[in-house]
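Colleague: Position in the sequence shown (from 1) plus 1 gives the number in my numbering.
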Amino acid sequence: MTTRSTMSTPVLRLEGVRKAFGPVVALRSGTIVVEPGSIHALVGENGAGKSTLVKVVAGVHRRDGGTFELGGVPADFRTTAEAKAAGVAVIYQEPTLFGDLPVMENLFLGSEPLDRLRRIDRRAMRAHAHELFGRLGVDIDPDRPAAGLSIADQQLVEIAKAISLDAGLLIMDEPTAALSGVEVERLFAVARGLRDEGRGVVFISHRFDEVFGLCDTITVMRDGAHVSTDPVAATSVDEVVTRMVGREVTDLFPKVPSTPGDVVLEVRGLERAGTFHGVSFDVRAGEIVGLAGLVGAGRSEIARAVFGVDRYDAGTVRVLGRPLRPGDPAAAVDAGMALVPEDRRLQGLVPQSTVAQNMTAVVRRRISRLGLLSTARENARAAEWTGRLEVRTAALDMLAATMSGGNQQKVVLAKWLATGPRLLIVDEPTRGIDVATKAEVHRLLSGLAAEGLAVLMISSELPEVLGMADRVLVVREGRITAELDRADATPERVMRAATVGAAS
């Protein structure tokens, strides 16, 4: 690994940065020093303060105290526009595109190229968009509305937008959470290119294989404060995890043995033109069935069709023997089905509503009397699930938008578990959350299955699928190409079925 000079002026220097939101202290002592020509990892549990630190640099929040320098110059951005003008670009974990606008307008919003008459030059905009996508090795139509893009493509657009700013400091906050292996490698090539040009890159991720494969330096945060900074080559995953959580994390996949019971979900011959074909499978009470496959294989589309969010052309879905109408999620909920969606912020939460309101959103009728909602009953139900899932929140009237990703995921889980489902579908249940919270979610799912809940789990993380599932269904190009029992599911067999189409 190349040794970087410590004598040069840091691209970014934060020391002892503090930030509070009312009584909640998000940053007690945030510290990170990013050298030019380096990729610097920033890691910590959800709620450790990483995102708040990034938002101070990006101009979203102003710090309450501490030192903030950019290129050796004191900085105190009041807006994101000021940060961008100073050479800061940020790729957030959750895409922030405007769905009604074409992709290219999202790319250059606020910095559109102009022709000689000072009009927006759409031809130049389109050409530059193609150039940026070419640099990433992807083919995305610049004229396509952003709303029609998959999560992975939305993230690639966000990455292209950040690269277009030609920034001296690029911050990547969980940029790979929705990307496939090939897309991740393309992104890493871009990051290494920026490093070789002398720019600074901050890389926030819970995927340690990526951190240790890409980064030069690693800073650990815990409870809003700096814990350590080391060369990546001088530390290990175990050491980093222990520093992150203040304890050793064991049993990341705490699978509780269970005996499957009766069939809860029965899917037969599910078809939707151009999306999935001939999909048939069962999920029994007390078992976790994993849907594995590459990004874009059709796993989420199958789950959404089963739940009734999307319609299908042919086939049947039955819950406890009862057939469900296509495209009717209310009927699915009434039958005992629950869906924790892939995109928790856009599909699972109402970010500007409170924790209590989100947790009770699906059971409002049950806790209302004569059409009137009782705040006391709402708070009591929310407090029950906050305790059961160990949700970290300052108050039940706290806005969901202000919570860490891991706690937001727990709120979405609580919302659906409050319905008392017989079948729980979880799509990417631990995407973008830290290793300790992942273990908590895994423990919860395993415990629910042991109590008799049927669980259908979609995950792009193969170790998660292999560690949690009793059976693995592999999806390739909209078809189930393999069904593997826990004992037979190996990384090689799953990947072969996902890429070639048949598990040997």
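Just so it is clear, CB atoms sit at the ideal spot from N, CA and C, and this is done for glycine as well.
CB-CB under 7 Å to Asp486, same chain, minus the five flanking residues each way: which ones, in chain order?
Modeller: Counting only Cβ-Cβ distances below 7 Å, and skipping sequence neighbours, we find Arg472.
Colleague: With C-beta atoms as the reference, is Leu414 less than 8 Å away from Val351?
Modeller: No; because the gap between Cβ atoms is not below 8 Å, this pair is not in contact.
Colleague: Taking just the CA atoms, how far does Ser151 sit from Asp122?
Modeller: Those two C-alpha atoms are separated by around 27 Å.
Colleague: If you compare alpha carbons, which of Ala396, Thr387 and Ala395 is closest to Gln410?
Modeller: Ranking Ala396, Thr387 and Ala395 by Cα distance to Gln410 puts Thr387 first.
Colleague: Use the C-beta contact count for Ser112: other C-beta atoms within 10 angstroms, 16 or more gives buried, fewer gives exposed.
Modeller: With fewer than 16 Cβ atoms within 10 Å of its Cβ, Ser112 is classed as exposed.
Colleague: Pick out whichever of Arg124, Val55, Val58 and Asp174 has its Cα sitting closest to the Cα of Tyr93.
Modeller: Of Arg124, Val55, Val58 and Asp174, the residue nearest in Cα terms is Asp174.
Colleague: Within 10 angstroms of its Cβ, does Asp140 collect 16 or more other Cβ (buried), or is it exposed?
Modeller: Exposed: under 16 other Cβ atoms inside 10 Å.
Colleague: Please tell me whether Ala395 and Val25 are closer than 8 Å, where the distance is taken between their beta carbons.
Modeller: Taking 8 Å as the Cβ cut-off, Ala395 and Val25 qualify as a contacting pair.
Colleague: Spell out the partners DSSP gives Pro324 in its beta bridges.
Modeller: Looking at the DSSP assignment, Pro324 forms a beta bridge with Arg319.
Colleague: Using the three-state DSSP reduction, which class does Gly67 fall into: helix, strand or coil?
Modeller: Gly67: strand per DSSP, three-state reduction.
Colleague: From Gly199 to Thr403, what distance separates their C-alpha atoms?
Modeller: Computed Cα separation, rounded: 34 Å.
Colleague: Assuming Val307 and Pro330 make a contact with CB atoms under 8 Å, what is their CB distance in whole Å?
Modeller: With a Cβ gap of about 10 Å, Val307 and Pro330 do not count as contacting.
Colleague: Taking its Cβ as the centre, do 16 or more other Cβ atoms sit within 10 Å of Thr80, making it buried, or is it exposed?
Modeller: Exposed, because fewer than 16 other Cβ atoms sit within 10 Å of the Cβ of Thr80.
Colleague: Would a C-beta distance cut-off of 8 Å place Leu108 and Ala161 closer than the cut-off?
Modeller: For Leu108 and Ala161, yes; Cβs fall inside 8 Å.
Colleague: Assuming Leu474 and Gly299 are in contact, meaning their beta carbons sit under 8 Å apart, how far apart are those beta carbons, in whole angstroms?
Modeller: Not a contact, Cβ separation roughly 12 Å.
Colleague: Nearest-angstrom Cα distance between Gly60 and Thr482?
Modeller: So the two alpha carbons sit approximately 48 Å from each other.
Colleague: By the three-class DSSP mapping on this structure, what secondary structure does Arg305 have?
Modeller: Helix.
Colleague: Expressed to the nearest angstrom, what Euclidean distance is found between the alpha-carbon atoms of Arg19 and Gly247?
Modeller: One C-alpha to the other measures close to 21 Å.
Colleague: If you drop the 5 nearest sequence neighbours on each side, which residues of the same chain put their C-beta closer than 7 Å to that of Thr177?
Modeller: Counting only Cβ-Cβ distances below 7 Å, and skipping sequence neighbours, we find Val185, Leu188, Ser206, Arg208 and Glu211.
Colleague: Identify, in the order they occur along the chain, each residue of the same chain with its Cβ nearer than 7 Å to the Cβ of Arg365, setting aside the five sequence neighbours on each side.
Modeller: Excluding positions up to five away in sequence, the list reads Leu374.
Colleague: Exposed or buried, Ala130, counting other C-beta atoms within 10 Å across all chains shown (16 or more means buried)?
Modeller: Classification of Ala130: buried, given that the 10 Å Cβ count is 16 or more.
Colleague: Excluding five sequence neighbours on each side, which residues of the same chain lie with their C-beta closer than 8 Å to the C-beta of Gly421?
Modeller: These residues qualify, in order along the chain: Gly337.
Colleague: Use the C-beta contact count for Arg432: other C-beta atoms within 10 angstroms, 16 or more gives buried, fewer gives exposed.
Modeller: It counts as buried.
Colleague: Cα separation between Glu391 and Ala383?
Modeller: Cα to Cα, the separation comes out at about 12 Å.
Colleague: Pair every Cβ in the region 220-230 with every Cβ in the region 28-42, then say whether three or more of these pairs are closer than 8 Å.
Modeller: Cβ pair count under 8 Å is three or more, so yes.
Colleague: Assess contact between the region 273-281 and the region 438-455, defined as three or more Cβ pairs (one per stretch) separated by less than 8 Å. Is contact present?
Modeller: No, because fewer than three Cβ pairs between the region 273-281 and the region 438-455 fall closer than 8 Å, the two stretches do not touch.
Colleague: What residues in its chain sit with their C-beta under 8 Å from that of Pro103, if we drop five residues either side in the sequence?
Modeller: Same-chain partners within the cutoff: Pro143, Asp144, Arg145, Pro146 and Ala147.
Colleague: Determine the contact status of Leu325 and Ala333, defining contact as a CB-CB distance below 8 Å.
Modeller: Yes, they are a contact pair.
Colleague: For Val495, tell me which candidate among Leu166, Gly294 and His62 has the shortest Cα-Cα distance.
Modeller: Selected option, being the one with the closest Cα: Gly294.
Colleague: What are the boundary residues of the beta strand (DSSP E) that includes Ser52?
Modeller: From DSSP, Ser52 is part of no beta strand (DSSP E) but of the alpha helix (DSSP H) over Lys51 to Ala59.
Colleague: Since His207 is in the beta strand (DSSP E), which residue starts that stretch and which ends it?
Modeller: No beta strand (DSSP E) holds His207; DSSP gives it neither H nor E.
Colleague: Rounded to the nearest angstrom, what separates Ala401 and Arg117 at their Cα positions?
Modeller: Between Ala401 and Arg117, the C-alpha separation is close to 46 Å.
Colleague: For Val89, does the count of other Cβ atoms within 10 angstroms reach 16, so buried, or fall short, so exposed?
Modeller: Classification of Val89: buried, given that the 10 Å Cβ count is 16 or more.
Colleague: So, under 8 Å CB-CB, Pro261 and Arg285 are touching, yes? Tell me the CB distance rounded to an integer number of Å.
Modeller: About 4 Å separates the two Cβ atoms, so the contact holds.
Colleague: Whole angstroms are fine: how far does the CA of Ala153 sit from the CA of Ile219?
Modeller: In a straight line, the C-alpha of Ile219 is about 26 Å away from that of Ala153.
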